[in-house]
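Undergrad: By the numbering used here, the letter at position 16 of the sequence shown is numbered 494, and the numbering carries on one by one without gaps. Before I ask anything, here is the structure I am working with.
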Amino acid sequence: MAMKLRDDFYWGNSVSSMQTEGAWNEGGKGKSVYDIREAGENTSDWTVATDSYHRYQEDFDYMQDLGMNMYRFQISWSRVNPMGDGQWNEEGIAFYDQFIDDLIARGIEPMVCLYHFDMPLHLAEKFNGFISKEVVNAFIRYGKEMVDRFGHKVKHWLTFNEQNIFSMPEESFRVAGYLTGKKTIEELYQIQRNTMVCHASIANYIHTRTDANISGMLAYQEVYPATSHPEDVRLAREFDEFMNHHYLEMYSKGKRLDSYVKFIENQKFDLAITEEELEEITQLRSDYLTFSYYSSTTIDHTKVPDDAVPNEYLQYGKKDNPYIDTTEWNWQIDPDGFRDILNKMYQRYDLPIFPIENGIGVIEEWDGQNPIADDYRIDYHKKHLLALLKAVNLDGVDVLGYLGWGLIDILSSQGDMRKRYGVVYVNRENHDLKDLKRVPKKSYDWLKEVIHTNGDELLK
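Written as structure tokens, this is what we have:
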């Protein structure tokens, strides 16, 4: 049988603002929580990143040459509103206005993400981030303003990058701008609730004021039971429900899972949700569902304390899967898990599915002359794209597109320039900016052929 993708399939690249832009103190930008982080032994600071604020035209030219027709980027909240809840910075807004126009002029459709963990420093220091209703209100104000400014030409929107990370104890408080406090499970659920109110408010606003599309996005956590022991199976299922499907149910149906509601009741959490906020969530719908995927893992119940809540299961019970390969960063490579997620999301929610982050991070060095021979990257993307082709043609999944992560090298989420995802090398290191030259790798030509044949090259 022929293996085909839809004719209007989206091929593209995903990034965040703080990992690309630099220019932390230019154009009227205010400080974010990232701008005060200092460099470490194996990390950079965030002042320059890959200098896309000044060099994005060159990056766009590479994307256009590759044949990409979508770019998912982030508007920096503190660039358009330096305090987060204060006056609008027209210079920052003008930057993104031109940025969007330059994408569209190249035939590349913009997808805007409103928040990728870079809380305006003022809101983090004064209100402790998304634990606060003041910050909820400030975010809704910011999101609606961006929709009003750009909704006539940006037709694809996200509120939060990987929103279920707000449910992960080891990450939630960091990404929410929560600087000081007890960091309890109840507070984690308060942050989770607050961010969902934000998402619902913006999604409903977009659907009533524009003809644009919006999706909820999560980092899909594919977790297998480590064995066939019933307790491994139960913990894997509960983790999937609380960390993945809890969000997907609300994104697609405006419905909170009964297991989640019962958990809140049993824990006696007071999340101070109002009837108005519940109504916003009840009205919530998504035009499609988006997610990031890099790897899978397994869970071993013998390592999980009896009093652990589902959000904590992986902290205790994560166990490497002996049947699949592992990267140097201990991320396990699992294309079959990618196909499994595409099916679980589509068959359960009957909405188009759009994977918008996928890739492999590797330590790479350029000799200053020859393209980096990154056959491992070609192998990774090829296997995941073949899994996607099977999901479409053998399983009947409606997949809108495929966006790789950081396909022009960027700082990693921890600020480590050694961890490179790109098909284009950016010539800088953690502590040496060098010349920031862009240099295509071997994978660049391979991906170009894949995109220009709309995936047919994968079957050769």
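Heads up, the beta-carbon is just placed ideally off N, CA and C, and yes, glycines get one too. These numbers were taken from a predicted model, which means no experiment stands behind them.
What's the gap between the Cα of ILE819 and the Cα of TYR698?
TA: When rounded, the distance between both Cα atoms is 8 Å.
Undergrad: My understanding is that THR760 touches GLY795, with C-beta atoms under 8 Å, so please give their C-beta distance in whole angstroms.
TA: Not really, about 34 Å apart at Cβ, beyond 8 Å.
Undergrad: For the alpha helix (DSSP H) containing ASN871, name the first residue and the last one.
TA: Here the alpha helix (DSSP H) through ASN871 covers 853-871.
Undergrad: Can you check which of these residues, GLU790, GLN810 and GLU806, is closest to ASP798 by C-alpha distance?
TA: Residue GLN810 is the option with its Cα nearest to ASP798.
Undergrad: Give the straight-line distance between the Cα atoms of ASP784 and PRO800, rounded to the nearest whole angstrom.
TA: Each residue's Cα considered, the two are about 26 Å apart.
Undergrad: Rounded to the nearest angstrom, what separates ILE578 and GLN565 at their Cα positions?
TA: Approximately 22 Å between the Cα atoms of the pair.
Undergrad: If contacts are defined as beta-carbon pairs under 8 Å, then TYR766 and LEU713 qualify, I think. What distance do you get, rounded to the angstrom?
TA: Actually they do not touch by this definition, with Cβ atoms about 30 Å apart.
Undergrad: Does DSSP classify GLN847 as helix, strand or coil?
TA: Looking at GLN847 - three-state DSSP - the assignment turns out to be coil, as it is neither helix nor strand.
Undergrad: By DSSP, does THR688 sit in helix, in strand, or in coil?
TA: The answer is coil: DSSP assigns THR688 none of H, G, I, E or B.
Undergrad: Please determine, among ILE669, TYR683, VAL590 and THR688, the residue with the shortest C-alpha to C-alpha distance to ARG550.
TA: That would be VAL590, whose Cα lies nearest to the Cα of ARG550.
Undergrad: Exposed or buried, ALA572, counting other C-beta atoms within 10 Å across all chains shown (16 or more means buried)?
TA: So ALA572 ends up on the exposed side.
Undergrad: Which value, in whole angstroms, describes the spacing of the CA atoms of HIS859 and SER921?
TA: Answer to the nearest angstrom: the Cα atoms are 9 Å apart.
Undergrad: Could you check what DSSP says for THR673 in three-state terms: helix, strand or coil?
TA: Looking at THR673 - three-state DSSP - the assignment turns out to be helix.
Undergrad: For the structure I just gave you, are there three or more beta carbon pairs, one from the region 624-640 and one from the region 707-724, closer than 8 Å?
TA: The region 624-640, when compared against the region 707-724, does not touch it at the 8 Å Cβ threshold.
Undergrad: Nearest CA to the CA of LYS611: which residue from VAL493, GLN668 and MET728?
TA: Comparing Cα positions, the closest option is GLN668.
Undergrad: For TYR772 versus PHE816, is the C-beta spacing smaller than 7 Å?
TA: Taking 7 Å as the Cβ cut-off, TYR772 and PHE816 do not qualify as a contacting pair.
Undergrad: When burial is assigned at 16 or more other CB atoms within 10 Å of the CB, is ILE582 buried or exposed?
TA: Exposed, since its Cβ has fewer than 16 Cβ neighbours within 10 Å.
Undergrad: CB GLN576 to CB SER495, shorter than 7 Å?
TA: Taking 7 Å as the Cβ cut-off, GLN576 and SER495 do not qualify as a contacting pair.
Undergrad: Around the C-beta of LYS897, are 16 or more other C-beta atoms found within 10 angstroms, so that it is buried, or is it exposed?
TA: Label assigned to LYS897: buried.
Undergrad: So for ILE886, helix, strand or coil by DSSP?
TA: The answer is strand: DSSP assigns ILE886 an E or B state.
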